Structures are given as C-alpha cells and as structure tokens.
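Novice: My structure is below; once you've seen it, I'll send some questions.
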Amino acid sequence: MKLISKLDELNHKMYGTDFLLTWEKNDAQISATITTAQILKKLYESNISCKVFKSGLAVSNFRDNSTRTRFSFASASNLLGLAVQDLNESTSQIAHGETVRETANMISFLTEVIGIRDDMYLGAGNKYMREVGEALDDGYKNGVLHQRPAIVNLQCDIDHPTQSMADLSHLINYFGGVENLKGKKIAMTWAYSPSYGKPLSVPQAIIGLMTRFGMEVSLAHPEGYDLIPDTLKVAKDNAKKSGGKFTHVKTMEEAFKGADIV
Numbered sequence: 247m248k249l250i251s252k253l254d255e256l257n258h259k260m261y262g263t264d265f266l267l268t269w270e271k272n273d274a275q276i277s278a279t280i281t282t283a284q285i286l287k288k289l290y291e292s293n294i295s296c297k298v299f300k301s302g303l304a305v306s307n308f309r310d311n312s313t314r315t316r317f318s319f320a321s322a323s324n325l326l327g328l329a330v331q332d333l334n335e336s337t338s339q340i341a342h343g344e345t346v347r348e349t350a351n352m353i354s355f356l357t358e359v360i361g362i363r364d365d366m367y368l369g370a371g372n373k374y375m376r377e378v379g380e381a382l383d384d385g386y387k388n389g390v391l392h393q394r395p396a397i398v399n400l401q402c403d404i405d406h407p408t409q410s411m412a413d414l415s416h417l418i419n420y421f422g423g424v425e426n427l428k429g430k431k432i433a434m435t436w437a438y439s440p441s442y443g444k445p446l447s448v449p450q451a452i453i454g455l456m457t458r459f460g461m462e463v464s465l466a467h468p469e470g471y472d473l474i475p476d477t478l479k480v481a482k483d484n485a486k487k488s489g490g491k492f493t494h495v496k497t498m499e500e501a502f503k504g505a506d507i508v
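The following block contains the structure:
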C-alpha cells in the first residue's frame, strides 16, 4: 500500500508517452517507473494477478538479434495480460516496400505497446523509433487509430533504457534504497570479446542514468572507442547536478579502484 500511495503522489504524467531515452524523463517519471516495477514484483511474489489488460497486443520489432530483452519483453507483456506478436520485417509487407507509416498504423489497431530494437547504425535507430512515433501520432490525430500505442526503446544506437532501468532497480534493492546510492562508485568498463563491434548504447545508458543519483561513475575504454559526445555531456551535467562524479579513464584498473559496482 505504501508503494501504491507513493506512486499516486508522484506527478509523473507518463500516460500516453513513449520511453526512448532515460534523460528525457524527469526524476518523478524515473521514480514512478521504478516504483511500478516494485509494486508488480510484490504482487507477483504474493501470487496476485498483475493483469491490467483483458486483451490486446504487445508488438515487438527486433531489427537486431536479442535473447534477454526479447524474452523479458515477452514475459512482461504476458504478465500484464497482453499477447505478444513479433513483427518480422522479412516476412511482412515491409519486404515488398510498405512504408514505416503504413506498417506502424496497421500493426497498432489492437496494440497497447510497441517495443523496438534498432541499434546497428549510429544516427539511425533512435531516429527510426521517432519516425514510428510520428506516424502513430498522425494516425491517432486523423482518426485511423482509436488509441495510440506507447513505444518502448528495447535498445537503440543511443540508449538501452530497459537494461539500465533494470540495473537501477537491482541496485536500489541491493543497497536498500535509492538514497543509499549516493557516493557509491560504479565502473562501466569495456571487456575482452571475440567480436569488437558492440553497440555504444549500453555504456551510454549506464552513464546517462546512474549519474543522476549522486554516484561516482567511472567510464573506461581503450583509445578510439569513444562514445557519442552528447551522451558524455549528459553524464557530466547529471553528475554536477546530483553532487556525484563522472570520470573518464583508459584502463580497467583505474575504473575498478574503489568500485562498489562493476
């Protein structure tokens, strides 16, 4: 009941909005998202139904490979009472030249949420999600759609908000409250891998979110593997505002020194 009362008190105004970048959300909206997750977890653990929908679709559009996010999205949608339908672009009319506008509206008639992963190319993924959003806005405005589904970023070229929000939720639980994150050091570092081509969105997601809570965030990567300058600025500005710290180093050893979280 305390969590539900807390959620009710937050003036988050998230209904009818998309979740594309965490730094586009204000503190109340981040808190509301975490609080909702905590409520759903307690309901599930108490064997109380979390179904808030009697019917409807959750559409996933994975334009890159996925395992964890794909199954997480499907599980969460099912928990809330939605059936999951995956949009396969190679077997849909998209392969025959159907436009983003046509497809976005067609799949949205009985849809509550559309989850999109598009992380392959810088400057393309987040832009595509916003193009879908604009098509849905027009469809709703012109009476084509009776409701406008929400879009959730399941990883783009800029941010991976579902992963970073899940990480934040875990840290809040582990350290016993969001207020206990202040002063904790988190190392966001590169790692050795057979494939060097990795999306920038995961480290950008971490530095763009954790710096909001007064944490000391240390980013480590070899020279030449730079992140998008705009996201570095977001991290620096967040750290300054929250009383935290954001450092940029070149070795794992520097990042790991004194770290509470890796």
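Numbered by the numbering used here, the letters in the sequence shown go through residues 247 to 508 in order. Where is the CB? At the ideal position from N, CA and C, for every residue including glycine. Predicted model only: the values in this text are computed from it and were never measured.
Since Glu462 is in the beta strand (DSSP E), which residue starts that stretch and which ends it?
Specialist: Run containing Glu462: Glu462 to Ala466, per the beta strand (DSSP E) assignment.
Novice: Exposed or buried, which one is Arg309 when buried takes at least 16 other CB atoms within 10 Å?
Specialist: Its Cβ being crowded by 16 or more others within 10 Å, Arg309 is buried.
Novice: List the DSSP bridge partners of Gly361.
Specialist: Ser306 and Val398, per the DSSP bridge assignment.
Novice: What do you get for His467, buried or exposed, if any count of 16 or more other CB atoms within 10 angstroms of its CB means buried?
Specialist: Per the 10 Å Cβ criterion, buried.
Novice: For Gly379, which residues from the same chain have a beta carbon less than 7 Å from its beta carbon, with the 5 sequence-adjacent residues on both sides left out?
Specialist: Counting only Cβ-Cβ distances below 7 Å, and skipping sequence neighbours, we find Asp264 and Ile397.
Novice: Report the residue ranges of all beta strand (DSSP E) runs contained in full by the region 360-390; include only those spanning at least 3 residues, in chain order.
Specialist: You should have found no qualifying run.
Novice: Measure from the alpha carbon of Tyr438 to the alpha carbon of each residue in Gly490, Met498 and Gly302, then state which is nearest.
Specialist: The residue with the shortest Cα to Cα distance from Tyr438 is Met498.
Novice: Among the residues of its own chain, which have a CB less than 6 Å from the CB of Lys430, if the five just before and after it don't count?
Specialist: The answer, listed in chain order, is Met461 and Asp506.
Novice: Who are the Cβ neighbours of Ala481 in its own chain at under 8 Å, not counting the five residues just before and after it?
Specialist: Hits under 8 Å: Ile453, Gly454, Thr457, Val463, Leu465 and Phe492.
Novice: Can you list, in chain order, the residues of its chain with a C-beta nearer than 7 Å to that of Glu469? Leave out the 5 residues immediately preceding and following it.
Specialist: Taken in chain order, the residues that qualify are Lys496.
Novice: Could you tell me which residues DSSP puts in a beta bridge with Phe492?
Specialist: Paired residues: Val463.
Novice: Excluding the 5 residues preceding and the 5 following Gln401 in the sequence, name in chain order all residues of the same chain whose CB lies nearer than 6 Å to its CB.
Specialist: So the qualifying residues of the chain are Arg363, Asp365 and Ser447.
Novice: Excluding the five sequence neighbours on either side, which residues of its own chain have a C-beta within less than 6 Å of the C-beta of Ile432, listed in chain order?
Specialist: Taken in chain order, the residues that qualify are Met456, Met461, Val463 and Ile507.
Novice: Suppose the cutoff is 8 Å on Cβ atoms and the five residues either side in sequence are ignored; what does the same chain contact list for Leu253 look like?
Specialist: So the qualifying residues of the chain are Ala278, Thr281, Thr282 and Ile285.
Novice: Buried or exposed, going by whether 16 or more other CB atoms sit within 10 Å of the CB of Asp472?
Specialist: Per the 10 Å Cβ criterion, exposed.
Novice: Are there three or more Cβ pairs, one per stretch, closer than 8 Å when the region 327-335 is compared with the region 290-305?
Specialist: The answer is yes - the region 290-305 touches the region 327-335, with three or more Cβ pairs under 8 Å.
Novice: Under DSSP, the alpha helix (DSSP H) around Asp409 begins and ends at which residues?
Specialist: In the sequence on display, residue 409 carries Gln and not Asp. First-last of the alpha helix (DSSP H) with Gln409: Pro407 to Phe421.
Novice: Go ahead and pull the three-state DSSP assignment for Phe265.
Specialist: Three-state result, Phe265: strand.
Novice: Alpha carbon to alpha carbon, how far is Ala501 from Ile294? Give it in angstroms, no decimals.
Specialist: Rounded to whole angstroms, Ile294 to Ala501 spans 43 Å at the Cα level.
Novice: Can you tell which of Met375, Ser410, Glu377 and Ile353 has the C-alpha that lies nearest to the C-alpha of His392?
Specialist: Ranking Met375, Ser410, Glu377 and Ile353 by Cα distance to His392 puts Ile353 first.
Novice: Does the region 266-277 come within contact of the region 313-321, defined as at least 3 CB pairs closer than 8 Å?
Specialist: The region 266-277 vs the region 313-321: no contact.
Novice: Is it buried or exposed for Phe319, if we count other Cβ within 10 angstroms and need 16 for buried?
Specialist: Classification of Phe319: buried, given that the 10 Å Cβ count is 16 or more.
Novice: Are Thr349 and Ser338 close, meaning C-beta to C-beta below 9 Å?
Specialist: Yes; because the gap between Cβ atoms is below 9 Å, this pair is in contact.
Novice: Using the Cα positions of Leu382 and Gly504, report the straight-line distance between them to the nearest angstrom.
Specialist: The straight-line gap from Cα to Cα measures roughly 47 Å.
Novice: Could you tell me how far apart the beta carbons of Ala370 and Gln409 are, in whole angstroms, since I believe they sit closer than 8 Å?
Specialist: With 8 Å as the limit, Ala370 and Gln409 do not qualify as a contact, their Cβ atoms being about 20 Å apart.
Novice: Assuming Thr357 and Val305 are in contact, meaning their beta carbons sit under 8 Å apart, how far apart are those beta carbons, in whole angstroms?
Specialist: Yes, they are in contact, since the Cβ atoms of Thr357 and Val305 sit about 5 Å apart, within 8 Å.
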